[in-house]
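Residue numbers (our numbering), protein chains in the order written: chain A, 839 to 1158; chain B, 2 to 201.
Backbone N, C-alpha and C define an ideal beta-carbon position, used for all residues, glycine too.
Note that the coordinates shown come from a computational prediction; the quantities given were computed from them, not determined experimentally.
Here it is in structure tokens:
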């Protein structure tokens, strides 16, 4: 690789090669084994995989909360084996547990974090105020966190990760415990931060969210990255077929033929069809069924998703 | 150096009036029971030295161990704040808070035993210095221990050993190694200040 390759490497926010880490305890099994990851500025990358695949361990290494037992890691162009404060100052982390001082108010917790992250009190107050507004926490800002719901505490955690406008955001299950509106808001905020040049690495079991939010997903299985790419590309390549399930009222099983559609089951009450080209054959299918003399009572369409991709790649169900 | 941890500690103290009240009343009741029970002055001084030392050691060690256990300290460190800033700010805030909480007990001792101005000042300054040492000891053992129970055990054992080395439990023979050693243990001077205040 020449000078261009070196420049590209230097520009990466995260560059991990062959990372390994063991679960705690003597002789603990490998939680990560030869894990590679590149994340560019402005990119949102999702780590997906079943429980125990190594997602949280990977995030801990990236957040400098833990050192790898093998491999090389560069974050924001810095080596995390040296003093890690420079990396931490530019990283925002929201773990899976919303740990706060329960006796303090949301405002106090957030301001404390802003100050710990290096903001002056005045700057911290201004940013915390704006983020509390944005996350809809302003009415409860001066209530103790002990009175917050789990969703509110998770919002506060995310707000604290964002308050110093970090160049790298590391989020573990960021949508867990959030309602639909808060999820949409979080997606907006993360996309804004990415547009401003921040890299986002998140681990999630919410595949639909990952599909909507991430520019790229990385599937982990037994501590290794087994597959990666943009969600739409992976689904198109490996997701398989779209499934149409019609509930019918008919005197007999309809005999239909539609180009690009494979009929898996046809009875007087039910018709199941598969198509490789997404939902586009649906109108033609409906028309064909009605022409065959059957009435459609209901139709369910199941698009292939990231869970199908994982199943295809590993031969295992992606249990959350 | 950002004063985030110092600020958080004081905000917590303000938000916990009930805990503060107990922290004032419990030592005050113990001091009052000993002082009004007419315990011999040397025995009373021993009880007060132990009480104030344990107050500082446990007051710093147990909350620190609890905060490590629940991931709070780790979260703070991941912000990039210097670890020394976390420890020093926490230490200073905790020791000062302990002093404020013990002030009614110290004033009670000064009044009940009729300590003169010099002895009174020496008592307050001595106990304040002792609380800083006891808090440091608490933080040290909490950072070594792996659980709350282990912290409590290590705090008790180390505080008792240091009190013993300070000559709180017995008077060492003149010229002995124990007598030389006690001069290097800060609790020795705390105990001296308390003895002077109670007239032991």
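Residue 1080 (chain A), DSSP secondary structure in three states: Translated into the one-based positions of the first chain, residue 1080 (chain A) becomes position 242. In the three-state scheme derived from DSSP, where H, G and I count as helix and E and B as strand, residue 1080 (chain A) is classed as strand.
Segments assigned alpha helix (DSSP H), at least 4 residues, entirely inside the region 62-89 of chain B: Runs found: 73-78.
Cβ neighbour criterion (16 or more within 10 Å) applied to residue 1090 (chain A): Walking along the first chain from the start, residue 1090 (chain A) turns up at place 252. Result: exposed.
Beta-carbon gap between residue 1044 (chain A) and residue 894 (chain A) smaller than 7 Å: Taking the first chain and counting its residues from 1, one reaches residue 1044 (chain A) at position 206. Taking the first chain and counting its residues from 1, one reaches residue 894 (chain A) at position 56. Cβ distance not < 7 Å, so residue 1044 (chain A) and residue 894 (chain A) don't count as in contact.
Against chain B: residues of the region 909-929 of chain A by CB proximity under 7 Å: Answer in chain order: 923, 926, 927.
CA nearest to the CA of residue 870 (chain A), picked from A:1109, A:1040, A:1063: For the purposes of this step, residue 870 (chain A) is taken as residue 32 along the first chain, with counting starting at 1. The shortest C-alpha separation from residue 870 (chain A) is found at A:1063.
Close beta carbons around residue 1049 (chain A), own chain, < 7 Å, minus the five adjacent residues each side: Here residue 1049 (chain A) refers to the residue found at position 211 of the first chain. Counting only Cβ-Cβ distances below 7 Å, and skipping sequence neighbours, we find 1069, 1143, 1144.
Segment limits, alpha helix (DSSP H) that includes residue 121 (chain B): Looking up residue 121 (chain B) in the second chain gives position 120. Going by DSSP, residue 121 (chain B) is part of the alpha helix (DSSP H) stretching over 118-145.
Strand pairing of residue 1112 (chain A), partner residues [DSSP]: Here residue 1112 (chain A) is taken as the residue at index 274 of the first chain, counted from 1. According to DSSP, residue 1112 (chain A) bridges with A:1081, A:1100.
Strand pairing of residue 1010 (chain A), partner residues [DSSP]: Position 172 of the first chain holds residue 1010 (chain A). Paired residue(s): A:1041.
Beta carbon proximity, residue 1005 (chain A) to chain B, threshold 7 Å: As a first step, residue 1005 (chain A) must be located in the first chain, where it is residue number 167. Not an interface residue.
Residues from the region 1054-1080 of chain A in contact with chain B, defined by Cβ distance under 7 Å: Per Cβ criterion, the list is empty.
is_contact[residue 90 (chain B), chain A] using C-beta, thresh 7 Å: The residue given as residue 90 (chain B) occupies position 89 in the second chain. Residue 90 (chain B) is outside the set of residues whose beta carbon lies under 7 Å from a beta carbon in chain A.
8 Å Cβ shell around residue 953 (chain A) - same chain, five flanking residues per side excluded: The sequence position of residue 953 (chain A) within the first chain is 115, counting from 1. Hits under 8 Å: 959, 962.
CB-CB length for residue 983 (chain A) against residue 994 (chain A), believed under 8 Å: For the purposes of this step, residue 983 (chain A) is taken as the residue at position 145 of the first chain. For the purposes of this step, residue 994 (chain A) is taken as the residue at position 156 of the first chain. 7 Å between Cβ atoms; contact.
Chain A contact for residue 108 (chain B) (CB, 7 Å cutoff): As a position in the second chain, residue 108 (chain B) is number 107, starting the count at 1. It does not: the Cβ of residue 108 (chain B) has no partner Cβ on chain A nearer than 7 Å.
Chain B contact for residue 950 (chain A) (CB, 7 Å cutoff): Within the first chain, numbered from 1, the residue matching residue 950 (chain A) stands at position 112. Output row for residue 950 (chain A): interface = yes.
Run of the beta strand (DSSP E) containing residue 9 (chain B), from where it starts to where it stops: Here residue 9 (chain B) refers to the residue found at position 8 when the second chain is read from its first residue. Under the DSSP assignment, residue 9 (chain B) falls outside any beta strand (DSSP E), being part of the alpha helix (DSSP H) whose first and last residues are 5-16.
Continuous beta strand (DSSP E) stretch holding residue 919 (chain A): start and end: For this step, residue 919 (chain A) is matched to residue 81 along the first chain. In the DSSP assignment, residue 919 (chain A) falls outside any beta strand (DSSP E), carrying neither H nor E.
Short-range partners of chain A found in the region 62-77 of chain B, where Cβ spacing is below 7 Å: Hits within the stretch, in order: 71, 72, 73, 75, 76, 77.
Short CB-CB distance (under 7 Å) between residue 9 (chain B) and chain A: Within the second chain, residue 9 (chain B) is the residue found at index 8, counting from 1. Answer yes: the Cβ-Cβ gap between residue 9 (chain B) and chain A drops below 7 Å somewhere.
Through-space distance from residue 854 (chain A) to residue 1066 (chain A), alpha-carbon basis: As a position in the first chain, residue 1066 (chain A) is number 228, starting the count at 1. As a position in the first chain, residue 854 (chain A) is number 16, starting the count at 1. Our two residues, residue 1066 (chain A) and residue 854 (chain A), have alpha carbons roughly 14 Å apart in a direct line.
Straight-line gap, residue 841 (chain A) to residue 1097 (chain A) (C-alpha atoms, nearest Å): Position 3 of the first chain, counting from 1, holds the residue named residue 841 (chain A). Position 259 of the first chain, counting from 1, holds the residue named residue 1097 (chain A). Confidence at residue 841 (chain A) is low in this model, with a pLDDT of 45, below 50, so its placement is unreliable and the value that follows should be read with caution. Cα to Cα, the separation comes out at about 51 Å.
Secondary structure of residue 982 (chain A), DSSP reduced to three states: Within the first chain, the letter at position 144 stands for residue 982 (chain A). Three-state result, residue 982 (chain A): strand.
Beta-carbon neighbours of residue 982 (chain A), restricted to chain B and to distances below 9 Å: For this step, residue 982 (chain A) is matched to residue 144 along the first chain. At a beta-carbon threshold of 9 Å, the residues of chain B lying near residue 982 (chain A) are 16, ordered along the chain.
Neighbour flag for residue 966 (chain A) against chain B, beta carbons, 7 Å: Working through the first chain from its first residue, we reach residue 966 (chain A) at position 128. No, no contact with chain B.
Contact with chain B by residue 955 (chain A), beta-carbon distance below 7 Å: Within the first chain, the letter at position 117 stands for residue 955 (chain A). Answer yes: the Cβ-Cβ gap between residue 955 (chain A) and chain B drops below 7 Å somewhere.
Distance, residue 900 (chain A) Cα to residue 1029 (chain A) Cα: Reading the first chain from its first residue, position 191 is the one you call residue 1029 (chain A). Reading the first chain from its first residue, position 62 is the one you call residue 900 (chain A). Looking at the two C-alpha atoms, the distance is approximately 20 Å.
Residue(s) in a DSSP beta bridge with residue 902 (chain A): If you number the first chain from 1, residue 902 (chain A) lands on position 64. For residue 902 (chain A), which the question treats as bridged, DSSP gives no partner whatsoever.
Minimum Cβ-Cβ distance from residue 942 (chain A) to chain B less than 7 Å: Stepping through the first chain from its first residue, residue 942 (chain A) is reached at position 104. Closer than 7 Å: yes.
Cβ pair residue 1032 (chain A), residue 930 (chain A) closer than 7 Å: Residue mapping note: residue 1032 (chain A) aligns to position 194 of the first chain, counting from 1. Residue mapping note: residue 930 (chain A) aligns to position 92 of the first chain, counting from 1. Not a contact, by the Cβ cut-off of 7 Å.
Below-7 Å beta-carbon distance, residue 903 (chain A) vs any chain B residue: Looking up residue 903 (chain A) in the first chain gives position 65. Closer than 7 Å: yes.
Bounding residues of the beta strand (DSSP E) (the contiguous stretch that carries residue 1127 (chain A)): The residue you call residue 1127 (chain A) lines up with position 289 of the first chain. Element bounds for residue 1127 (chain A): not the beta strand (DSSP E) but the alpha helix (DSSP H), 1120-1129.
Option nearest residue 1114 (chain A) by Cα separation, candidates A:1152, A:883, A:1077, A:1084: Numbered from 1 along the first chain, position 276 holds the residue referred to as residue 1114 (chain A). Ranking the options by Cα distance to residue 1114 (chain A), first place goes to A:1077.
Own chain, CB closer than 8 Å to residue 220 (chain B), minus 5 neighbours either side, in chain order: Any question about residue 220 (chain B) goes unanswered here, given that chain B covers just 2 to 201.
Within-7 Å CB hit, residue 985 (chain A) to chain B: What you label residue 985 (chain A) is simply residue 147 of the first chain in a count that begins at 1. With a threshold of 7 Å between beta carbons, residue 985 (chain A) makes no contact with chain B.
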